[in-house]
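If you use the numbering used here, the sequence shown closes out at 535, no skipped numbers anywhere.
Glycine residues also receive a C-beta, built at the ideal position from the N, C-alpha and C atoms.
Input: a single structure, listed below in structure tokens.
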Amino acid sequence: MLWILCLVLCSLLTPTRADPGALLRLGMDILNQVQNAMDESHILEKMAAEAGQNRPGMKPIKGITDLKVKDVLVPVITMNFMPGVGVFQCVSTGMTITGKSFMGGNMEIIVVLNITATNRLLQDEETGLPMFKSEGCEIILVSVKTNLPSNMLPKMVNKFLDSTLHKVLPGLMCPAIDAVLVYVNKKWASLNAPMPVGQMGTVQYVLTSVPTTTPSYIQVDFSPVVQQQKGNTIQLADAGGAEFPEDYAEGSSQLLLSAAFLTAELALLQKSFNVKVKDTMIGELPPQTTVTLAGFIPKVAEAYPKPKPLVTQIRINKPPKVTMKTGKSLLHLHGTLEMFAARWRGKPPVSLFVLETHFNLKIQYSVHEDRLQMTTSLDRLLSMSRKSSSIGPFKEKKLTGFITDFLQEAYIPVINDVLQVGFPLPDLLDMNYNLAELDVTENALVLNLKLD
Numbered sequence: 084m085l086w087i088l089c090l091v092l093c094s095l096l097t098p099t100r101a102d103p104g105a106l107l108r109l110g111m112d113i114l115n116q117v118q119n120a121m122d123e124s125h126i127l128e129k130m131a132a133e134a135g136q137n138r139p140g141m142k143p144i145k146g147i148t149d150l151k152v153k154d155v156l157v158p159v160i161t162m163n164f165m166p167g168v169g170v171f172q173c174v175s176t177g178m179t180i181t182g183k184s185f186m187g188g189n190m191e192i193i194v195v196l197n198i199t200a201t202n203r204l205l206q207d208e209e210t211g212l213p214m215f216k217s218e219g220c221e222i223i224l225v226s227v228k229t230n231l232p233s234n235m236l237p238k239m240v241n242k243f244l245d246s247t248l249h250k251v252l253p254g255l256m257c258p259a260i261d262a263v264l265v266y267v268n269k270k271w272a273s274l275n276a277p278m279p280v281g282q283m284g285t286v287q288y289v290l291t292s293v294p295t296t297t298p299s300y301i302q303v304d305f306s307p308v309v310q311q312q313k314g315n316t317i318q319l320a321d322a323g324g325a326e327f328p329e330d331y332a333e334g335s336s337q338l339l340l341s342a343a344f345l346t347a348e349l350a351l352l353q354k355s356f357n358v359k360v361k362d363t364m365i366g367e368l369p370p371q372t373t374v375t376l377a378g379f380i381p382k383v384a385e386a387y388p389k390p391k392p393l394v395t396q397i398r399i400n401k402p403p404k405v406t407m408k409t410g411k412s413l414l415h416l417h418g419t420l421e422m423f424a425a426r427w428r429g430k431p432p433v434s435l436f437v438l439e440t441h442f443n444l445k446i447q448y449s450v451h452e453d454r455l456q457m458t459t460s461l462d463r464l465l466s467m468s469r470k471s472s473s474i475g476p477f478k479e480k481k482l483t484g485f486i487t488d489f490l491q492e493a494y495i496p497v498i499n500d501v502l503q504v505g506f507p508l509p510d511l512l513d514m515n516y517n518l519a520e521l522d523v524t525e526n527a528l529v530l531n532l533k534l535d
């Protein structure tokens, strides 16, 4: 799988820096798993089974009939990055070639060989997806053993083997390389497909350009497209540069998601952040009635001498915004908090006051399957000012503790339920994101990708 993984990963990378957006850095730790792809595709076994069949373009080999290939060894694949090109790979394997020799007896040739090729990273003009194309495939013989009689002239034997192997091996092994590349390319065919965020919209990881290969990794730059269900695209704001930290091990792999990208994704959920709470008893809060509110605003008791249930409505009137500093990520919410006094017999509630609010939520990130998950807790209530009031003027600061407790107990649980929808991560090589280590850095969330 070493070999194929390498190919796939290389394909996923883009050279142009997407800022803001998402960046994928694929190191040799991930690419080295490509070897399984060759095993999964069973390409060598298929090629061996077809070796003795008549195929278009294959000339018969003089001096040998009933050609068969068996005992194909499990390939060992090594790879190296070729800056600006792609990946150079060497596949080491072996096999036994059998048939009837020109002397009339059964012949066996046991071959150990290396297949070398350059896998160039290109971008499909129609799909926009990266694709690998093999170039310069060569067969290098490491050792050759045969059961031909020892009394034959060595020069004759060597000439026969050289002629036979140079006709059989390139036609057998080089198509195997191409076939594996086809298999690998299919692994990321859905990379830039739109992926749903609940019923609110979609996220699409669009490659900015052809992946960039450096001596240590392949980098793919994404220009993500965040689209609402109605078709409107949410533009990513330029919120400052996001870069990979320099303290990751050389050759390791990471996925970077910028704060601007996460902000755009959360904008899909903005309407779901509007909440109306009618419950009187909520968690550890005192009863949500006019009596409790009158303890902070005495004028409420004058207007409502008899207890009335409270109805609280929060509307988020600005797009949510994510900010990130090393080790801490915040979700900024700006909106209004309006409190009503409920009335009986189906009459609409009466508005008591409307407050302009700005509060922050701490974000904790995790991964479940192929989705980024967020959970929040209240960081602090930053500002609160009276916009309107039917009960006359009052000091908003007296409500700070009451509103803060309400946000934590009544509002945050609703937000966390909304966030359970999760945000899709790039669909590449069946990547197991569950093993990733998550780091909050300057203006970005970095997933340090792990294999085990």
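Next item on the list: Per DSSP, which residues does Val-308 bridge with? Please list them.
Entry: Gln-287
Checklist line | Closest residue to Val-501 among Leu-349, Leu-340 and Ser-472 (Cα-Cα distance) | finding: Leu-349
Margin query: Can you list, in chain order, the residues of its chain with a C-beta nearer than 6 Å to that of Leu-156? Leave out the 5 residues immediately preceding and following it.
Written below: Thr-176 and Gly-177
Item checked: Gly-418 (DSSP reduced to helix, strand or coil) -> strand
Check: With respect to the alpha helix (DSSP H) encompassing Pro-496, which residues constitute its N-terminal and C-terminal limits?
Finding: 495 to 502
Note to self: Short of 7 Å in beta carbon distance, which residues of its chain neighbour Arg-100, apart from the five on each side in sequence? Order them along the chain.
What the structure shows: Note on Arg-100: pLDDT 42, under 50, position unreliable in the model; no value is reported.
Checklist line | Residue from Ile-365, Gly-324 and Ser-466 with nearest C-alpha to Pro-392 | finding: Ile-365
Next item on the list: Would you tell me roughly how many angstroms separate the C-alpha atoms of Leu-530 and Gly-284, rounded to the nearest one?
Entry: 24 Å
Checklist line | Whole-number beta carbon distance between Leu-204 and Gly-169, since they are thought to touch under 8 Å | finding: 4 Å
Item checked: Exposure of Ser-412, with buried meaning 16 or more beta-carbon neighbours within 10 Å -> buried
Item checked: Distance between Ile-193 and Leu-107 (C-alpha atoms, nearest Å) -> 43 Å
Margin query: What does the alpha-carbon distance come out to for the pair Gln-318 and Gly-104?
Written below: 11 Å
Checklist line | For Ile-486, the first and last residue of its enclosing alpha helix (DSSP H) | finding: 483 to 489
Note to self: Extract the residue ranges of the beta strand (DSSP E) inside the segment 328 to 361, only unbroken runs of 3 or more that lie entirely within it.
What the structure shows: 336 to 341 and 358 to 360
Next item on the list: Quick one: residues in its chain with C-beta nearer than 6 Å to the C-beta of Thr-297, no 5 flanking neighbours on either side, listed in chain order?
Entry: Pro-166
Margin query: Taking 8 Å as the limit between beta carbons, can you name the residues of its chain near Pro-45, skipping five residues before and five after?
Written below: For residue 45 there is no data in the structure shown, the boundaries of the chain being 84 and 535.
Next item on the list: Give the DSSP bridge partners of Met-278, in chain order.
Entry: Val-286
Check: With burial defined as no fewer than 16 other Cβ atoms inside 10 Å of the residue's Cβ, what is the status of Leu-236: buried or exposed?
Finding: Bear in mind that a pLDDT of 48 at Leu-236, under 50, signals an unreliable position, so the number given afterwards is only what the model happens to contain. The residue in question, Leu-236, is exposed, as its Cβ has fewer than 16 Cβ neighbours within 10 Å.
Checklist line | Cα-Cα separation between Thr-372 and Asn-517, rounded to whole angstroms | finding: 45 Å
Margin query: Once the 5 residues before and after Gln-337 are set aside, which same chain residues still bring their CB inside 7 Å of it?
Written below: Arg-108, Phe-327, Tyr-331, Val-529, Leu-530, Asn-531 and Leu-532
Note to self: At the level of alpha carbons, what is the spacing between Asn-499 and Leu-461?
What the structure shows: 11 Å
Next item on the list: Give the DSSP bridge partners of Cys-173, in chain order.
Entry: Thr-161 and Thr-199
Item checked: Member of Asn-202, Lys-445, Phe-506 and Arg-463 whose CA lies at the smallest distance from the CA of Ala-262 -> Asn-202
Margin query: I'd like to check one pair, Leu-264 with Ser-217: are the Cβ atoms closer than 8 Å?
Written below: yes
Next item on the list: Using DSSP bridges, identify the partner residues of Pro-213.
Entry: Gln-206
Margin query: Could you check whether the segment 427 to 439 touches the segment 449 to 463, counting it as contact only if at least three pairs of C-beta atoms, one from each stretch, sit closer than 8 Å?
Written below: no
Note to self: I'd like the list of long-range same chain contacts for Phe-344, defined as Cβ closer than 7 Å, with 5 residues on each side in sequence excluded.
What the structure shows: Pro-103, Gly-104, Ala-105, Pro-307 and Leu-319
Next item on the list: Would you mind listing the alpha helix (DSSP H) stretches within the segment 357 to 410 that are 4+ residues and don't spill past its ends, in chain order?
Entry: 373 to 377 and 382 to 386
Notebook entry, point to check: For Met-514, which three-state DSSP category applies?
Noted result: coil
Check: Given Ala-384, which residues of its chain have a CB within under 8 Å of its CB, disregarding the five upstream and five downstream residues?
Finding: Thr-373, Val-374 and Ala-377
Next item on the list: Give the straight-line distance between the Cα atoms of Leu-224 and Glu-191, rounded to the nearest whole angstrom.
Entry: 16 Å
Notebook entry, point to check: From Leu-512 to Lys-270, what does the alpha carbon distance come to, in whole angstroms?
Noted result: 5 Å
Next item on the list: Classify Lys-153 as helix, strand or coil using the three-state DSSP reduction.
Entry: strand
Check: What did DSSP end up calling Glu-191 once you bin it into helix, strand or coil?
Finding: strand
Next item on the list: Measure the CB-CB distance between Phe-506 and Val-289 and report whether it falls below 8 Å.
Entry: no
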